[in-house]
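**Q** The structure's right below; bear with me while I get my questions together.
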């Protein structure tokens, strides 16, 4: 082959490679640009502009001080969903909070497919039904939210109020010091996109996979999520085993109790019972002897680290 | 039981790591001892009564090799999960491989005892074999240069193959006993109940506990297979490469020019 021909081929190959790189780079940029984050975080300076992008019949004025950041003059009906969604249906609806912004967007499509599709906004946000504009609400969303769920789900509310997640006064009748960190119904069950679980195996399967987001997130039980790593329970669950237990399979659902509580299914005395390790489909016939395995479930890594041979080998290889 | 699981992990992992270090050292010692030169350079490999391993045992061996690897891999991946969403799939693969291995196992037993080429005597440990044990151990420990030749397989091979055979039966039984949720048709009992419910469960405090101990035994036996197979692979790859290649269809070992070698292998010391 002549040198000129080789040179020509080299040039063509080079051009093709560069073209390929450009196509890949362009498509990456375009794909990135199309992504719209669920929670819009924009600098504080841009908030006013963002909020006023869509508000056909609502006047929004930025009020730097006062009860709320925005004084909204409500003229829209609040009984149905449509009135609220004029503003909250806009995915750019954010409110400045410190150095960042908080999204107040409600995904209408997800809402309409949720368990509460037929519930109007004020069915849960009950204070918005009789107090408007927004600035006149109590702002105590936490207690309002509990009340909202209780109206329709009294049994679940009662169960929850008996467990460790309930806000309870101290023995000397002072407010619960951990009240702020205790979860509300929505913290576990989700908000506007809460799935229908009844006769819905797919939704049940999906909610089983949310243990880390539900229980093991930072500020809740991240430490217990991290040490949930034994062979057939935690390690298997974390790799998506459908038959491995999730947090509430052992710890219970609404009435979650500390394992030191004698009524807790994870109490040492109850581990072998039919509502704990001995649950149908788990370890039928488990007794107290079988429950001796339980410390492994959240303690395998610690137990392994304390093993004399493991410690010896560890010290040898670390030298 | 908590501690037992951790102890098994630690001990077997440590033993295996030790083995992986010891095996290359053992091989390197063969260089100053002259065995490496004699085999790999001069091409003096052990002689055999049969010019080629028969086809059926070769096929069975290959099928065992693949399925035992599948069983070991899936078994360990079930105990130490690292494949996303894979436990159920791994279990099914494990069950299929288990069925194939049991079928192959029974086939090999039929071949050994009832076929026209029945070869069970090749695995039987005779008094002569027993007396050669120290000599064989001394040869592989490099304490002696003479390997006693008594039969097709030496006494350690025979012992290992017999132990392997027993372990396979035991492994199949205790693996079957782990099935707690599947009811055997006609009998109407789970394998766990059938195999453990009447003897081990009352002894250890319930069926769940009995299954847990069976799982531990299953795990121990898995490690035994891993250890034995690793040594088997090492010796196959270093002591008799021609027959190993022949087993996998690469080349064929022919009779040595000087005829069948029933005399003891003697390696001149360096």
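Chains as they are written, first to last, in the working numbering: chain B, 37 to 355; chain P, 3 to 272. Note that beta-carbon positions come from the ideal geometry of N, C-alpha and C, so glycine has one too.
Taking the DSSP output, what are the residues bridged to residue 191 of chain P?
**A** The residue given as residue 191 of chain P occupies position 189 in the second chain. In the DSSP output, where bridge partners are listed per residue, residue 191 of chain P has P/186.
**Q** Going straight from the alpha carbon of residue 302 of chain B to that of residue 205 of chain P, what length do you get?
**A** In the first chain, the residue the question calls residue 302 of chain B occupies position 266. In the second chain, the residue the question calls residue 205 of chain P occupies position 203. Cα to Cα, residue 302 of chain B sits roughly 26 Å from residue 205 of chain P.
**Q** Taking 9 Å as the CB-CB cut-off, is residue 206 of chain B touching chain P?
**A** Position 170 of the first chain, counted from the start, is the residue given in the question as residue 206 of chain B. By this cut-off, residue 206 of chain B is not an interface position.
**Q** So which residues of chain P does residue 281 of chain B contact, with C-beta pairs closer than 8 Å?
**A** Taking the first residue of the first chain as position 1, residue 281 of chain B is located at position 245. Here the premise fails: no neighbours, minimum Cβ distance about 13 Å.
**Q** Identify, in the order they occur along the chain, each residue of the same chain with its Cβ nearer than 6 Å to the Cβ of residue 152 of chain P, setting aside the five sequence neighbours on each side.
**A** Against the second chain, residue 152 of chain P aligns to sequence position 150. Around residue 152 of chain P: 130, 131, 134.
**Q** Just the Cα atoms here: how many angstroms apart are residue 8 of chain P and residue 339 of chain B?
**A** Here residue 8 of chain P is taken as the residue at index 6 of the second chain, counted from 1. Here residue 339 of chain B is taken as the residue at index 303 of the first chain, counted from 1. Residue 8 of chain P and residue 339 of chain B: Cα-Cα distance of roughly 7 Å.
**Q** Below 8 Å on the Cβ atoms is my guess for residue 144 of chain B versus residue 125 of chain B; work out the distance and round it to an integer in Å.
**A** Position 108 of the first chain holds residue 144 of chain B. Position 89 of the first chain holds residue 125 of chain B. Yes, they are in contact, since the Cβ atoms of residue 144 of chain B and residue 125 of chain B sit about 5 Å apart, within 8 Å.
**Q** Cutting at 8 Å between CB atoms, please list the residues of its own chain near residue 241 of chain B, excluding the five before and the five after it.
**A** Locating residue 241 of chain B in the first chain gives position 205, counting from the first residue. Answer for residue 241 of chain B: 278, listed in chain order.
**Q** With DSSP as the reference, please indicate the residues paired to residue 137 of chain B in a beta bridge.
**A** In the first chain, counting from the first residue as 1, residue 137 of chain B sits at position 101. Partner(s): B/132.
**Q** In chain P, which residues lie with their C-beta within 7 Å of the C-beta of residue 332 of chain B?
**A** The sequence position of residue 332 of chain B within the first chain is 296, counting from 1. In chain order: 4, 7.
**Q** Take the Cβ of residue 255 of chain B as the centre, count every other Cβ of all protein chains shown within 10 Å, and call the residue buried at 16 or more, exposed below.
**A** Looking up residue 255 of chain B in the first chain gives position 219. Exposed, since its Cβ has fewer than 16 Cβ neighbours within 10 Å.
**Q** Under the three-state reduction of DSSP, which class applies to residue 149 of chain B: helix, strand or coil?
**A** On the first chain, position 113 is the one that residue 149 of chain B refers to. Here residue 149 of chain B sits in coil by DSSP.
**Q** Does the beta-carbon of residue 188 of chain B have 16 or more other beta-carbons within 10 angstroms, so that it is buried, or is it exposed?
**A** Translated into positions along the first chain, residue 188 of chain B becomes position 152. It is exposed - the Cβ of residue 188 of chain B has fewer than 16 other Cβ atoms within 10 Å.
**Q** In terms of residues, what are the limits of the alpha helix (DSSP H) holding residue 118 of chain B?
**A** Your numbering for residue 118 of chain B matches position 82 in the first chain. Note, residue 118 of chain B: alpha helix (DSSP H), 117 to 124.
**Q** Quick one: what does DSSP say residue 320 of chain B is sitting in, helix, strand or coil?
**A** Walking along the first chain from the start, residue 320 of chain B turns up at place 284. The answer is coil: DSSP assigns residue 320 of chain B none of H, G, I, E or B.
**Q** Along the stretch 83 to 100 of chain P, where does the CB come closer than 8 Å to a CB of chain B? Name the residues.
**A** Cβ contacts with chain B: 83, 84, 85, 86, 87, 88, 89, 90.
**Q** What ranges does the beta strand (DSSP E) occupy inside the stretch 9 to 72 of chain P, keeping only unbroken runs of at least 3 residues that lie completely in it?
**A** Entirely contained in the stretch 9 to 72 of chain P, not one beta strand (DSSP E) run reaches 3 residues.
**Q** What residue from P/165, P/179, P/125, P/127 has the CA that sits closest to residue 218 of chain P's CA?
**A** Here the question's residue 218 of chain P lines up with position 216 in the second chain. For the residues P/165, P/179, P/125, P/127, the minimum Cα distance to residue 218 of chain P belongs to P/179.
**Q** Quick one: what's got a C-beta closer than 7 Å to residue 63 of chain P's C-beta in the same chain, skipping five residues either side?
**A** Start at 1 with the first residue of the second chain, and residue 63 of chain P comes out as number 61. So the list reads 249, once near-sequence residues are dropped.
**Q** Thinking residue 231 of chain P and residue 238 of chain P are a contact (beta carbons under 8 Å), I'd like their distance in whole angstroms, please.
**A** Mapped onto the second chain, residue 231 of chain P falls at position 229. Mapped onto the second chain, residue 238 of chain P falls at position 236. Contact flag wrong, Cβ pair sits at about 10 Å.
**Q** Output yes if chain P places a C-beta closer than 9 Å to the C-beta of residue 249 of chain B; else output no.
**A** In the first chain, the residue the question calls residue 249 of chain B occupies position 213. Chain P, which has no Cβ nearer than 9 Å to the Cβ of residue 249 of chain B, makes this no.
**Q** Excluding sequence positions up to five away, which residues of its chain have a Cβ less than 6 Å from the Cβ of residue 198 of chain P?
**A** What you label residue 198 of chain P is simply residue 196 of the second chain in a count that begins at 1. If we look at residue 198 of chain P and ignore the five residues flanking it on each side, its Cβ neighbours are 179, 212.
**Q** By the 7 Å beta-carbon criterion, what residues does the stretch 338 to 353 of chain B contribute toward chain P?
**A** Listed by position along the chain: 339, 340, 343, 345, 346, 349.
**Q** Cβ closer than 9 Å: which chain B residues qualify as neighbours of residue 207 of chain P?
**A** The residue labelled residue 207 of chain P in the question sits at position 205 within the second chain. Here the neighbours are 323, 324, 325, 326.
**Q** At the 9 Å Cβ level, is residue 181 of chain B part of the contact set with chain P, yes or no?
**A** What you label residue 181 of chain B is simply residue 145 of the first chain in a count that begins at 1. Not closer than 9 Å to any Cβ of chain P, the Cβ of residue 181 of chain B fails to qualify, so no.
**Q** In this structure, does DSSP put residue 79 of chain P in helix, strand or coil?
**A** Here residue 79 of chain P corresponds to residue number 77 of the second chain, with the count starting at 1. Of the three classes helix, strand and coil, the one that applies to residue 79 of chain P here is helix, per DSSP.
**Q** Return yes when at least one heavy atom of the ligand FMN lies under 8 Å from the C-beta of residue 274 of chain B, else no.
**A** Although the ligand FMN was asked about, the structure shown includes no ligands whatsoever.
**Q** Could you have a look at residue 118 of chain P and say whether DSSP puts it in helix, strand or coil?
**A** Indexing the second chain from 1 puts residue 118 of chain P at position 116. Three-state DSSP puts residue 118 of chain P in coil, outside helix and strand.
**Q** With a Cβ-Cβ cutoff of 9 Å, do residue 186 of chain P and residue 160 of chain P count as a contact?
**A** Here residue 186 of chain P refers to the residue found at position 184 when the second chain is read from its first residue. Here residue 160 of chain P refers to the residue found at position 158 when the second chain is read from its first residue. Their beta carbons are not under 9 Å apart, which means residue 186 of chain P does not touch residue 160 of chain P by this criterion.
**Q** Can you check whether the C-beta of residue 12 of chain P is within less than 9 Å of a C-beta belonging to chain B?
**A** Against the second chain, residue 12 of chain P aligns to sequence position 10. Output row for residue 12 of chain P: interface = yes.
**Q** Out of B/354, B/262, B/236, point me to the one whose CA is closest to residue 248 of chain B's CA.
**A** Numbered from 1 along the first chain, position 212 holds the residue referred to as residue 248 of chain B. Taking only the C-alpha atoms, the option nearest residue 248 of chain B is B/262.
**Q** Alpha carbon to alpha carbon, how far is residue 15 of chain P from residue 225 of chain P?
**A** Along the second chain, one-based indexing puts residue 15 of chain P at 13. Along the second chain, one-based indexing puts residue 225 of chain P at 223. For residue 15 of chain P and residue 225 of chain P, the distance between alpha carbons rounds to 9 Å.
**Q** In angstroms, rounded to a whole number, what distance separates the CA positions of residue 191 of chain P and residue 353 of chain B?
**A** For the purposes of this step, residue 191 of chain P is identified with residue 189 of the second chain, where counting begins at 1. For the purposes of this step, residue 353 of chain B is identified with residue 317 of the first chain, where counting begins at 1. Residue 191 of chain P and residue 353 of chain B: Cα-Cα distance of roughly 50 Å.
**Q** Just the C-alpha distance for residue 119 of chain P and residue 109 of chain P, rounded to the nearest angstrom, thanks.
**A** Locating residue 119 of chain P in the second chain gives position 117, counting from the first residue. Locating residue 109 of chain P in the second chain gives position 107, counting from the first residue. Going by the C-alpha atoms only, they are around 13 Å apart.
**Q** Which residues in the same chain have their Cβ closer than 7 Å to the Cβ of residue 282 of chain B, if we skip the five residues on either side of it in sequence?
**A** Counting from 1 along the first chain, the entry for residue 282 of chain B is found at position 246. If we look at residue 282 of chain B and ignore the five residues flanking it on each side, its Cβ neighbours are 244, 247, 273.
**Q** So if I threshold CB-CB distances at 8 Å, which residues from the stretch 259 to 276 of chain B count as touching chain P?
**A** Answer in chain order: 267, 268, 271, 272, 274, 275, 276.
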